[in-house]
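If you're matching them up, the sequences are chains A and B in order.
Numbering-wise, the UniProt record's numbering puts 45 at position 45 of the first sequence, and it's gapless, one number per residue.
Numbering-wise, the UniProt record's numbering puts 378 at position 378 of the second sequence, and it's gapless, one number per residue.
The block underneath contains the structure these notes are about, expressed in structure tokens.
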Amino acid sequence: MKKVDKKMADAYFRARTLSITIYLIIWFVVSFGVVLFAEPLSSITFNGIPLHYYMGAQGAILTFILLLFINAIVSDRIDKRFGIDEKRNEAISSGKTLDH
Amino acid sequence: MDAQFLVSLSLIVATFALYIGIAFYNKAKATSDFYVAGRGVPPIFNGMAIGADWMSAASFIGLAGTVMLLGYDGLAYIMGWTGGYLLLTFLLAAQLRKYGRYTVPEFIGDRYKSNAARLIAALATIIISFTYSIGQLSGSGIVIGRLLEVDAAVGTLIGVVLIAFYSAFGGMKGITWTQVAQYVILIIAYLVPVIFMALQLTQNPIPWISYGEVISEIKTLDQELGISEYLVPFTEGSKWQFIALMFTLMAGTAGLPHVIVRFYTVSTMKAARWSGAWALLFIGLLYLSAPAYAAFSRFILMTNVAGQAINDLPAWTAAWIDTGKLSIADGNNDGILQWSELVISNDIVVMATPEIANLGIFVIGLMAAGAMAAALSTAGGLMIAISAALSHDIYYRSINPNASEKKRLAVGRWSIVIATVIAGLTALNPPGAITQIVAWAFALASGSFFPALLLGVWWKRSNGPGVIAGMVTGLTVTLTYIFLAKYGGFTILGIIDTGAGVFGAAAAIAANVTVSLLTKAPSKEIQEEVIDLRYPEQMTYKDGAVWMNDEN
Numbered sequence: 001m002k003k004v005d006k007k008m009a010d011a012y013f014r015a016r017t018l019s020i021t022i023y024l025i026i027w028f029v030v031s032f033g034v035v036l037f038a039e040p041l042s043s044i045t046f047n048g049i050p051l052h053y054y055m056g057a058q059g060a061i062l063t064f065i066l067l068l069f070i071n072a073i074v075s076d077r078i079d080k081r082f083g084i085d086e087k088r089n090e091a092i093s094s095g096k097t098l099d100h
Numbered sequence: 001m002d003a004q005f006l007v008s009l010s011l012i013v014a015t016f017a018l019y020i021g022i023a024f025y026n027k028a029k030a031t032s033d034f035y036v037a038g039r040g041v042p043p044i045f046n047g048m049a050i051g052a053d054w055m056s057a058a059s060f061i062g063l064a065g066t067v068m069l070l071g072y073d074g075l076a077y078i079m080g081w082t083g084g085y086l087l088l089t090f091l092l093a094a095q096l097r098k099y100g101r102y103t104v105p106e107f108i109g110d111r112y113k114s115n116a117a118r119l120i121a122a123l124a125t126i127i128i129s130f131t132y133s134i135g136q137l138s139g140s141g142i143v144i145g146r147l148l149e150v151d152a153a154v155g156t157l158i159g160v161v162l163i164a165f166y167s168a169f170g171g172m173k174g175i176t177w178t179q180v181a182q183y184v185i186l187i188i189a190y191l192v193p194v195i196f197m198a199l200q201l202t203q204n205p206i207p208w209i210s211y212g213e214v215i216s217e218i219k220t221l222d223q224e225l226g227i228s229e230y231l232v233p234f235t236e237g238s239k240w241q242f243i244a245l246m247f248t249l250m251a252g253t254a255g256l257p258h259v260i261v262r263f264y265t266v267s268t269m270k271a272a273r274w275s276g277a278w279a280l281l282f283i284g285l286l287y288l289s290a291p292a293y294a295a296f297s298r299f300i301l302m303t304n305v306a307g308q309a310i311n312d313l314p315a316w317t318a319a320w321i322d323t324g325k326l327s328i329a330d331g332n333n334d335g336i337l338q339w340s341e342l343v344i345s346n347d348i349v350v351m352a353t354p355e356i357a358n359l360g361i362f363v364i365g366l367m368a369a370g371a372m373a374a375a376l377s378t379a380g381g382l383m384i385a386i387s388a389a390l391s392h393d394i395y396y397r398s399i400n401p402n403a404s405e406k407k408r409l410a411v412g413r414w415s416i417v418i419a420t421v422i423a424g425l426t427a428l429n430p431p432g433a434i435t436q437i438v439a440w441a442f443a444l445a446s447g448s449f450f451p452a453l454l455l456g457v458w459w460k461r462s463n464g465p466g467v468i469a470g471m472v473t474g475l476t477v478t479l480t481y482i483f484l485a486k487y488g489g490f491t492i493l494g495i496i497d498t499g500a501g502v503f504g505a506a507a508a509i510a511a512n513v514t515v516s517l518l519t520k521a522p523s524k525e526i527q528e529e530v531i532d533l534r535y536p537e538q539m540t541y542k543d544g545a546v547w548m549n550d551e552n
């Protein structure tokens, strides 16, 4: 065990929370935001479908899927930048698990 | 017995044989197999298993029908049931995995150091999963009822026997791999008819692109006939109902015990994040198709069925009238079936559409097998959650801590059988449409687990009395609102029973925060444990600093 510099530990937490905050803002805008402005958005059409309907039926879901994959990839990169080794994680995780 | 019956039945029997074979091959031997499948499931397969676990009869049978009947307002279900995965994956899944327990009540009990909190959470798990499984059993009743051309209630009873036997057998380990197979079958069954319909109606086999065309034609038909407005927002309920329902389904998704437990079956936090991403991709295939399905069905009904002579209706109508889910009444006695005279339950739209579109007996049989896969896989996951709450959180952790593994497995299996039978009896006379019953389960989860887990993971000051107050308040507010709105006609801002979760969650968070602040802070050890969840496995938060585990 070695102590991680406080600056480094805080930087790790900040990088993770910042990206999650950004994703959740996008999540809110494409779902709740679009519903709040459904009436004015309905005058715009996309692929023959009014925009408010398109976002509900396809646009929001596609954005959600994309955000989840971006999160998985970005998180892996952050872990790598801070020298986290997934093999080590696996070993620690299976040892630390409470089984009873 | 006609050819249709034989084809559907043999497809169902063949897929069942496959599931039972897989469950038998992976039979649970140890407790950790029974609850968390030995914790080594690869993320991509876990994603499929989450998909099957998650996509229930409500998604498979009910979703497209709900969109078809509600138009734009039905899309709250589509966005709500997918958007919740972001809350779950970003805010809870990885952290709960690092904590490493068997069940959600166990996390709550240990994080808040409170036996009472664990018991309340176990009770909430049972209530939520039980409500949810009523929807599943009533769904399998519709499928079996149509297949055997008997009343849906008789179909439900047959479904009970199948599900009880099947989920008591394998435990989590068996169920994980069966669910992977069930995902593959249910998604093929869903996509085949929608692709054929796209080809029939638009000459383009890619429904996600081509249904825009059908949507514009529906818009024109709506205007010509003046009967309904499919695309106009908030015709079936207020804007606030839409938002409340969407929130309820999202927060409920993040708090459903049988889905969260799937994140315990992977090896690390990283694997939990990837599981969430794969899961939503696999789920998205169905959720992106449901609105296309709805548009195609509605278009066919509007152009081929409405406006026909009553005596001249196609053969499929008779079979569905037998199940009690379709009624046709010639209100104005003109011998013609008007659009308004066709009363179709939203639960049968998906199952009936292949027949409506004349897609042939094989596709119809495939749909039946897919619907059974959806109902069975979710019911299996729910029953495991109920059985874990009873046998692990209540029996083992509170009543008999010295129970042998064998005894605990036996308690687990028996609780599955009993829970299925009771849920089945309730499902004989379901209190609502499948999507509505399922929405109540989500409302209860968003009023109880979502606040408890969110604060438990992200707010170290939250304590035992706080979480107890939160869960009790949340459940009470949600249940009261559901009953008042459904039976008492009471609503706030036009929010009906299915949107109750928004009040439950708000009340639970307020109660948790207030009571936590008024009572003693959790011990230093617990507070550090909570901060520890923000870092990957290799980092540990202890004594006010982060430590890196770099030994080999």
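Every residue gets a Cβ at the ideal spot worked out from N, C-alpha and C, and that includes glycine.
Query: What residue ranges within the stretch 390-458 of chain B form continuous alpha helix (DSSP H) runs of no fewer than 4 residues, ordered along the chain?; Result: 405-427, 434-458
Query: Could you work out which residues of chain B lie near residue 33 of chain A, taking near to mean beta carbons separated by less than 8 Å?; Result: Within chain B, no residue comes near residue 33 of chain A; the closest Cβ sits about 11 Å away, beyond 8 Å.
Query: Please determine if the stretch 280-287 of chain B and the stretch 524-531 of chain B are in contact, where contact requires at least 3 C-beta pairs separated by less than 8 Å.; Result: no
Query: Taking the C-alpha atoms as reference points, what is the distance between residue 486 of chain B and residue 413 of chain B?; Result: 35 Å
Query: Please tell me whether residue 243 of chain B and residue 35 of chain A are closer than 7 Å, where the distance is taken between their beta carbons.; Result: yes
Query: Would you check whether the ligand NAP has a heavy atom nearer than 6 Å to the C-beta of residue 61 of chain A?; Result: Within the structure as shown, the ligand NAP is missing, as the structure has no ligands at all.
Query: To the nearest angstrom, report how far apart residue 526 of chain B and residue 439 of chain B are at their CA atoms.; Result: 34 Å
Query: How should residue 1 of chain A be labelled, buried or exposed, when 16 other C-beta atoms within 10 angstroms of its C-beta is the threshold for buried?; Result: exposed
Query: With distances taken Cα to Cα, identify the nearest neighbour of residue 91 of chain B among B/260, B/75, B/237, B/122.; Result: B/260
Query: Quick check: the Cα distance between residue 306 of chain B and residue 469 of chain B, rounded to an integer number of angstroms?; Result: 54 Å
Query: In the structure shown, what three-state DSSP assignment does residue 539 of chain B receive?; Result: strand
Query: Buried or exposed, going by whether 16 or more other CB atoms sit within 10 Å of the CB of residue 483 of chain B?; Result: exposed
Query: Between which residues of its own chain and residue 494 of chain B is the CB-CB distance below 7 Å, once the five residues before and five after are set aside?; Result: 237, 238, 240, 241
Query: Take residue 374 of chain B as the anchor and find which of B/406, B/26, B/316, B/53 has the nearest alpha-carbon.; Result: B/53
Query: Alpha carbon to alpha carbon, what distance is there between residue 18 of chain A and residue 148 of chain B?; Result: 55 Å
Query: Please classify residue 537 of chain B as buried or exposed, where buried requires at least 16 neighbouring CB atoms within 10 angstroms.; Result: buried
Query: So, for residue 105 of chain B: in the same chain, excluding its five sequence neighbours on each side, which residues have a beta-carbon less than 7 Å away from its beta-carbon?; Result: 118, 121, 122, 125, 389, 393
Query: For residue 25 of chain A and chain B, any beta-carbon pair shorter than 7 Å?; Result: no
Query: What did DSSP end up calling residue 80 of chain A once you bin it into helix, strand or coil?; Result: helix
Query: Mind checking whether residue 64 of chain A and residue 432 of chain B have CB atoms under 7 Å apart?; Result: no
Query: Helix, strand or coil: how does DSSP classify residue 327 of chain B here?; Result: strand
Query: Any chance the stretch 377-386 of chain B sits against the stretch 249-259 of chain B, with 3 or more Cβ pairs inside 8 Å?; Result: yes
Query: Residue 239 of chain B touches chain A at which residues, Cβ-Cβ below 8 Å?; Result: 35, 36, 38
Query: Could you tell me which chain B residues have their CB closer than 8 Å to the CB of residue 4 of chain A, listed as they occur along the chain?; Result: 539, 545, 546, 547, 548
Query: Counting only Cβ-Cβ distances shorter than 7 Å, please list the residues of the stretch 282-296 of chain B near chain A, keeping chain order.; Result: 284, 287, 288, 291
Query: Using C-beta distances below 6 Å, list every residue in its chain close to residue 247 of chain B, excluding the 5 sequence neighbours before and after it, in chain order.; Result: 502
Query: Quick one: which residues of the stretch 49-61 of chain A get their C-beta closer than 7 Å to a C-beta of chain B? List them in chain order.; Result: 49, 50, 52, 53, 56, 57, 58, 60, 61
Query: What are the start and end residues of each continuous alpha helix (DSSP H) run of 4 or more residues lying completely inside the stretch 9-52 of chain A, in chain order?; Result: 38-41
Query: Between residue 116 of chain B and the rest of its own chain, which residues show a CB-CB distance below 8 Å, the 5 nearest in sequence each way excluded?; Result: 464, 468
Query: Is the beta carbon of residue 107 of chain B less than 7 Å from the beta carbon of residue 197 of chain B?; Result: no
Query: So that I know if they touch, is there some Cβ in chain A lying closer than 7 Å to that of residue 263 of chain B?; Result: no
Query: Taking Cβ-Cβ distances below 7 Å as the criterion, which residues of the stretch 81-93 of chain A are in contact with chain B?; Result: 84, 85, 86, 88, 89, 90, 92, 93
Query: Look at the alpha carbon of residue 13 of chain A and the alpha carbon of residue 87 of chain A, and state the distance between them as a whole number of angstroms.; Result: 21 Å
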